[in-house]
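Structure first, commentary second.
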Amino acid sequence: MTQKNPTENSKIDALVLLQHATGKSRTQILAFDDTEIDEKVRLKLTALLDRRLKGEPYRLYSW
20 MTQKNPTENS KIDALVLLQH ATGKSRTQIL AFDDTEIDEK VRLKLTALLD RRLKGEPYRL
80 YSW
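Note that the numbering used here has the sequence shown beginning at 20, numbered continuously upward.
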């Protein structure tokens with residue numbers, strides 16, 4: 020994914036959004052990084068990423 024102005028914390032943002040979309044912990048995501056995500060999760064993650072790319076901040080535990 021390309022961004023015109025990537026944030027300094029792009030990897031952290033991506034991980035937090037992936038955690039939210041999948042309902043899995045950071046440890047689960049990193050331990051099983053080859054696991055495919057289903058269509059429902061992919062759509063949710065895409066929507067979250069679109070919001071973040073538009074500059075919308077996320078609030079932990081409430082998005």
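Glycine is no exception: its CB is placed at the ideal position from the N, C-alpha and C atoms. Quick caveat, the model's predicted, so the values are computed rather than measured.
Under the three-state DSSP convention, the category residue i falls into
i	result
residue 29	helix
residue 21	Here residue 21 scores only 47 on pLDDT, less than 50, and its place in the model should not be relied on; the value that follows carries that caveat. Three-state DSSP puts residue 21 in coil, outside helix and strand.
residue 75	coil
residue 56	coil
residue 63	helix
The ligand NAP heavy atom lying under 7 Å from the CB of residue i
i	result
residue 47	Of the ligands one can find in the structure shown there are none, so the ligand NAP has no counterpart to examine.
Option in the options with minimal Cα separation from residue i
i	options	result
residue 41	70, 31 and 54	54
residue 50	34, 64 and 57	34
Short Cβ contact (8 Å threshold) for residue i with residue j
i	j	result
residue 38	residue 31	no
CA-to-CA distance, residue j to residue i, given in whole angstroms
i	j	result
residue 75	residue 43	22 Å
residue 62	residue 77	18 Å
residue 59	residue 29	23 Å
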